[in-house]
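Engineer: Following this note's numbering from start to finish, the sequence shown increments by one per residue and tops out at 102.
Using N, Cα and C, we set each Cβ at its ideal position, and we do this for glycine too.
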Amino acid sequence: MKYWRVPLDSKEIEVSRGIVVIVEERCKGCGYCIAYCPRNVLELSPRYNVKGYHPPLVKKPDDCVNCHYCETICPDFAIYSLEIPPELPEQAVLPEFATEA
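Structure representation (C-alpha coordinates):
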(Lines of atoms letter the chains of each structure in order from A and count residues from 1; the text may use other names and numbers.)
(Lines give C-alpha, C1' and ligand atoms only; values in the text may rest on other atoms or scores of the structure.)
Protein backbone atom coordinates (compact mmCIF):
# COMPACT_ATOMS: atom_id res chain seq x y z
CA MET A 1 0.00 0.00 0.00
CA LYS A 2 1.40 3.39 -0.98
CA TYR A 3 0.97 6.49 1.10
CA TRP A 4 0.76 9.75 -0.72
CA ARG A 5 1.56 13.09 0.77
CA VAL A 6 -1.30 15.44 0.24
CA PRO A 7 -0.65 19.19 0.40
CA LEU A 8 -2.60 21.08 3.01
CA ASP A 9 -5.53 23.06 1.77
CA SER A 10 -4.89 26.72 2.50
CA LYS A 11 -8.61 27.33 2.98
CA GLU A 12 -8.72 24.88 5.87
CA ILE A 13 -5.72 26.36 7.68
CA GLU A 14 -6.44 29.40 9.79
CA VAL A 15 -3.63 31.27 11.47
CA SER A 16 -4.87 32.73 14.72
CA ARG A 17 -4.56 36.45 15.22
CA GLY A 18 -3.87 38.20 18.47
CA ILE A 19 -3.78 41.52 20.25
CA VAL A 20 -0.71 42.26 22.34
CA VAL A 21 -1.48 43.99 25.63
CA ILE A 22 1.39 45.69 27.48
CA VAL A 23 1.16 46.70 31.14
CA GLU A 24 3.71 49.51 30.97
CA GLU A 25 3.87 50.10 34.73
CA ARG A 26 5.23 46.59 35.30
CA CYS A 27 7.81 46.59 32.49
CA LYS A 28 11.52 46.95 33.29
CA GLY A 29 12.59 47.18 29.66
CA CYS A 30 14.58 43.93 29.48
CA GLY A 31 13.69 43.42 25.80
CA TYR A 32 13.10 39.66 26.03
CA CYS A 33 9.67 39.99 24.44
CA ILE A 34 11.17 41.88 21.50
CA ALA A 35 13.99 39.38 21.01
CA TYR A 36 11.79 36.28 21.21
CA CYS A 37 8.86 37.44 19.07
CA PRO A 38 8.95 35.24 15.94
CA ARG A 39 7.04 37.80 13.85
CA ASN A 40 8.91 40.96 15.04
CA VAL A 41 5.70 42.56 16.23
CA LEU A 42 7.37 44.56 19.03
CA GLU A 43 10.01 47.28 19.30
CA LEU A 44 11.34 49.46 22.12
CA SER A 45 9.27 52.55 22.77
CA PRO A 46 10.99 55.95 22.90
CA ARG A 47 8.80 56.81 25.94
CA TYR A 48 9.65 56.07 29.55
CA ASN A 49 7.34 54.31 32.00
CA VAL A 50 6.95 55.23 35.70
CA LYS A 51 10.01 53.11 36.57
CA GLY A 52 12.17 54.96 34.04
CA TYR A 53 12.43 52.13 31.50
CA HIS A 54 11.50 51.92 27.84
CA PRO A 55 8.56 49.49 27.54
CA PRO A 56 7.90 47.62 24.29
CA LEU A 57 5.68 49.10 21.63
CA VAL A 58 3.51 47.16 19.19
CA LYS A 59 4.82 48.20 15.76
CA LYS A 60 3.03 45.60 13.57
CA PRO A 61 -0.23 44.59 15.31
CA ASP A 62 -1.58 42.74 12.25
CA ASP A 63 1.38 40.32 12.28
CA CYS A 64 0.65 38.90 15.76
CA VAL A 65 -0.23 35.19 15.57
CA ASN A 66 -1.04 34.84 19.29
CA CYS A 67 1.86 32.47 19.99
CA HIS A 68 2.22 33.71 23.61
CA TYR A 69 6.06 33.76 23.40
CA CYS A 70 6.17 37.33 24.73
CA GLU A 71 3.91 36.37 27.61
CA THR A 72 5.94 33.27 28.45
CA ILE A 73 9.36 34.96 28.39
CA CYS A 74 8.45 38.13 30.33
CA PRO A 75 9.91 37.96 33.87
CA ASP A 76 7.58 40.71 35.11
CA PHE A 77 4.28 39.47 33.63
CA ALA A 78 4.00 42.83 31.89
CA ILE A 79 2.79 41.58 28.52
CA TYR A 80 0.19 39.14 27.25
CA SER A 81 -1.75 38.42 24.10
CA LEU A 82 -5.42 37.81 23.51
CA GLU A 83 -6.90 35.88 20.62
CA ILE A 84 -9.00 37.81 18.15
CA PRO A 85 -12.09 35.79 17.24
CA PRO A 86 -12.02 34.77 13.56
CA GLU A 87 -15.42 36.30 12.92
CA LEU A 88 -14.10 39.83 13.52
CA PRO A 89 -13.13 41.70 10.36
CA GLU A 90 -9.42 42.26 9.63
CA GLN A 91 -9.46 45.98 10.40
CA ALA A 92 -11.53 45.77 13.60
CA VAL A 93 -9.96 47.40 16.65
CA LEU A 94 -11.35 46.62 20.05
CA PRO A 95 -11.73 50.01 21.80
CA GLU A 96 -10.47 48.78 25.18
CA PHE A 97 -7.14 47.78 23.58
CA ALA A 98 -6.68 50.75 21.28
CA THR A 99 -3.57 52.78 22.14
CA GLU A 100 -2.66 56.33 21.35
CA ALA A 101 -0.29 56.79 18.45
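Where does Ala36 land, buried or exposed, given buried means 16+ other C-beta within 10 angstroms?
Structural biologist: As a working note, residue 36 is residue 35 in the sequence shown. It is exposed - the Cβ of Ala36 has fewer than 16 other Cβ atoms within 10 Å.
Engineer: Roughly how many angstroms lie between the CA atoms of Pro55 and Pro39, to the nearest whole one?
Structural biologist: Here residue 55 refers to the residue found at position 54 of the sequence shown. Here residue 39 refers to the residue found at position 38 of the sequence shown. It is His, not Pro, that sits at residue 55 in the sequence shown. In a straight line, the C-alpha of His55 is about 21 Å away from that of Pro39.
Engineer: Could you pull out every unbroken beta strand (DSSP E) segment of at least 3 residues lying fully inside the region 34-64, listed in chain order?
Structural biologist: 43-45, 57-59
Engineer: What residues in its chain sit with their C-beta under 7 Å from that of Lys29, if we drop five residues either side in the sequence?
Structural biologist: Residue numbering aside, residue 29 sits at position 28 when the sequence shown is read from its first letter. Closer than 7 Å at Cβ, skipping near neighbours: Lys52, Tyr54, Asp77.
Engineer: For Lys61 and Trp5, I'd like the C-alpha separation in whole angstroms.
Structural biologist: If you number the sequence shown from 1, residue 61 lands on position 60. If you number the sequence shown from 1, residue 5 lands on position 4. Answer to the nearest angstrom: the Cα atoms are 39 Å apart.
Engineer: Can you tell me which of the three DSSP states Ile14 falls into?
Structural biologist: Reading the sequence shown from its first residue, position 13 is the one you call residue 14. Reduced to three states, the DSSP call for Ile14 is coil.
Engineer: If you draw a straight line from the alpha carbon of Ile20 to that of Lys3, how long is it in whole angstroms?
Structural biologist: On the sequence shown, residue 20 is found 19 positions in, with the first residue counted as 1. On the sequence shown, residue 3 is found 2 positions in, with the first residue counted as 1. Inter-residue distance for Ile20 and Lys3 is about 44 Å (C-alpha atoms, whole angstroms).
Engineer: Return the bridge partner residues of Ile23 from the DSSP annotation.
Structural biologist: For the purposes of this step, residue 23 is taken as the residue at position 22 of the sequence shown. Ile80, per the DSSP bridge assignment.
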